[in-house]
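Asker: One structure, pasted below without further comment.
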Amino acid sequence: MSGSDARAPQVHMLRIVRGEPSDEDLAALIAALAALANAAAAEPPAQRSAWADPTYQLRPFLHPGPDAWRNSALPHSGAGSGH
1 MSGSDARAPQ
11 VHMLRIVRGE
21 PSDEDLAALI
31 AALAALANAA
41 AAEPPAQRSA
51 WADPTYQLRP
61 FLHPGPDAWR
71 NSALPHSGAG
81 SGH
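Using the working numbering, you'd call the opening residue of the sequence shown number 1 and step up by one each time.
Printed below as a string of structure tokens:
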């Protein structure tokens, strides 16, 4: 196999459904999409600090029983901890 016989089938990743953009418009669109894809892949996901975690402000699960009213006022270690 040589030349055009060895070509792989083309996969279309972008389809224009309305209008007739110029070659310059398509080039600008493809460059912008490639830049966004590279920027998204390069950034690691942001880690939320436990200090700023809003779930810490939620009330923990309270279980009925002896001294349950007293335990409701104790500091807790996060939402739903049951401690």
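We put the beta carbon where it would ideally sit given N, CA and C, even for glycine.
1. When the Cα atoms are used, what is the spatial distance from residue 23 to residue 17?
2. Using a Cβ-Cβ cut-off of 8 Å, state whether residue 61 counts as contacting chain C.
3. So residue 70 is in the alpha helix (DSSP H); what residue range does that whole segment cover?
4. Beta carbon of residue 72, beta carbon of residue 58: below 8 Å?
5. Closest by CA to residue 32, which one among 70, 7, 60, 14?
6. What is the DSSP secondary structure of residue 10, reduced to helix, strand or coil?
7. Whole angstroms are fine: how far does the CA of residue 48 sit from the CA of residue 25?
Answerer: Well, looking at it:
1. Residue 23 and residue 17: Cα-Cα distance of roughly 15 Å.
2. Of the chains in the structure shown, none is chain C; there is only one protein chain.
3. If you look at residue 70, you'll find it in the alpha helix (DSSP H) that goes 68-71.
4. For residue 72 and residue 58, no; Cβs fall outside 8 Å.
5. The candidate whose alpha carbon is nearest that of residue 32 is 14.
6. In this structure, residue 10 counts as coil in the three-state DSSP scheme.
7. C-alpha separation (whole angstroms): 39 Å.
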